[in-house]
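> What follows is a single structure, and I will ask about it in a moment.
Put into structure tokens, the structure is as follows:
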């Protein structure tokens, strides 16, 4: 760059005394979103993934939000799985990224007759397009009707056993501890951007000062009892409440959900801090984009630039957004 500018008076450019070695490779670094619900999004949202460099994604069909009936029946869960399977190939053809599926039983609402859908899961997991079991995991509080903790754990452990039998990883839904709101909304309006009735939540079925962390510990114990190696567990939605436990006391992978930072308070700075402290080898990021809340298909691409601005090396960013999910989730590339 020149150090002399024919400007009438000095500008900022005059005082720049070094050239920047910018990581232009980040413009074309491929990335994988290991946890979203993109089959519930619009065509345009999925196209945004493609335009911003998404090379692959896992579309998770486990989600009680899309079943209008409460409690949810086993047949409702099967419908969610079947709908995702029905649409996956067309989504892949339309947008060119590799589209895989996750299927599981979410415990955010009580499921009637879960054994019926567990019996079917084994056959579903033989499909090539199934990359992961989940999301699942013990949930401290349910929607509409509480689900006994022991029953939840049994359903979660059964899914982990099926995953172990098929050599599939499991996505854990780790409960977030959202930051305190600056001001409360009118209770009758709830939280804009999250199309759920939060006032219908039940009292927690987990006692103690930190039910969110306790739920994660119960899940890890269930994985051990099911014979599922901890390195096959992907703890999604991790935050500052459970990072130290997962990093220091387990071999699980940690996936930070940054697609709705406005709700859970987890963003690229959170991820950068974790990389600084623990390294990039067990860290991933996901968007959790879904049609029930305001999310951002560009979140991972934005985070790649933010991570570099926060001081994370380009090679470590590639490890987090590409190498780790590609290996753990079985993507080509």
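Residue numbers (UniProt numbering): 1 to 333.
C-beta atoms are modelled at their ideal positions from N, C-alpha and C, and glycine is treated no differently.
Please report the straight-line C-alpha distance between residue 321 and residue 155, rounded to a whole angstrom.
Their backbone Cα atoms lie some 31 Å apart in a straight line.
> At the level of alpha carbons, what is the spacing between residue 308 and residue 328?
Answer to the nearest angstrom: the Cα atoms are 24 Å apart.
> How about the region 98–115 and the region 64–78: do they share at least three Cβ pairs that are nearer than 8 Å?
Short answer: they touch.
> Within 10 angstroms of the Cβ of residue 114, are there 16 or more other Cβ atoms? Answer buried if so, exposed if not.
Burial call: buried.
> Per DSSP, residue 31 forms a beta bridge with which residues?
Its beta-bridge partners are 54.
> Would the beta-carbon of residue 97 fall within 8 Å of that of residue 158?
In this structure, residue 158 does not lie closer than 8 Å to residue 97 by Cβ.
> Taking only the alpha-carbon atoms, compute the straight-line gap between residue 120 and residue 89 and give it to the nearest angstrom.
For residue 120 and residue 89, the distance between alpha carbons rounds to 22 Å.
> Any chance the region 134–144 sits against the region 247–258, with 3 or more Cβ pairs inside 8 Å?
The region 134–144 is not in contact with the region 247–258.
> Please state if the CB of residue 226 and the CB of residue 161 are separated by a distance shorter than 8 Å.
Yes; because the gap between Cβ atoms is below 8 Å, this pair is in contact.
> Applying the 10 Å Cβ sphere with the 16-neighbour rule, what's the burial state of residue 242?
Buried: at least 16 other Cβ atoms inside 10 Å.
> Just to confirm, are residue 135 and residue 168 a CB contact at a threshold of 8 Å?
No.
> Span of the alpha helix (DSSP H) holding residue 270?
Residues 268–278.
> Return the bridge partner residues of residue 254 from the DSSP annotation.
Its beta-bridge partners are 235 and 283.
> Beta-carbon separation of residue 290 and residue 63 under 8 Å?
In this structure, residue 63 lies closer than 8 Å to residue 290 by Cβ.
> Do the region 245–254 and the region 15–24 meet, that is, are 3 or more Cβ pairs less than 8 Å apart?
No, because fewer than three Cβ pairs between the region 245–254 and the region 15–24 fall closer than 8 Å, the two stretches do not touch.
> Compare the beta carbon distance of residue 174 and residue 238 with 8 Å and say whether it is the shorter of the two.
Yes, the pair counts as a contact, with Cβ atoms nearer than the cut-off.
> Does the distance from the C-beta atom of residue 332 to that of residue 36 stay below 8 Å?
Not in contact: residue 332 and residue 36 (Cβ atoms no closer than 8 Å).
> Going by DSSP, which residues form a beta bridge with residue 60?
Answer is 102.
> My output table needs one value for residue 144: the three-state DSSP class, helix, strand or coil.
DSSP places residue 144 in coil when its eight states are reduced to three.
> With distances taken Cα to Cα, identify the nearest neighbour of residue 319 among 8, 14, 29 and 15.
The shortest Cα separation from residue 319 among 8, 14, 29 and 15 belongs to 29.
> Output the distance between the C-alpha atoms of residue 59 and residue 211, rounded to the nearest integer angstrom.
Whole-angstrom Cα-Cα distance: 28 Å.
> Could you tell me the boundaries of the alpha helix (DSSP H) in which residue 161 lies?
Unbroken alpha helix (DSSP H) run through residue 161: 149–165.
> DSSP on residue 210, reduced to helix/strand/coil?
Reduced to three states, the DSSP call for residue 210 is coil.
> To test your reading of the DSSP string, which unbroken beta strand (DSSP E) runs of 3 or more residues are found completely within the region 66–128?
Fully enclosed beta strand (DSSP E) runs of 3 or longer: 98–103.
> Would you report the Cα separation of residue 315 and residue 272, rounded to the nearest angstrom?
Going from the Cα of residue 315 to the Cα of residue 272 covers about 13 Å.
> Apart from the five residues on each side of it in sequence, which residues of its chain come closer than 7 Å, Cβ to Cβ, to residue 179?
So the list reads 265, once near-sequence residues are dropped.
> In three-state terms, what does DSSP make of residue 181?
Three-state result, residue 181: coil.
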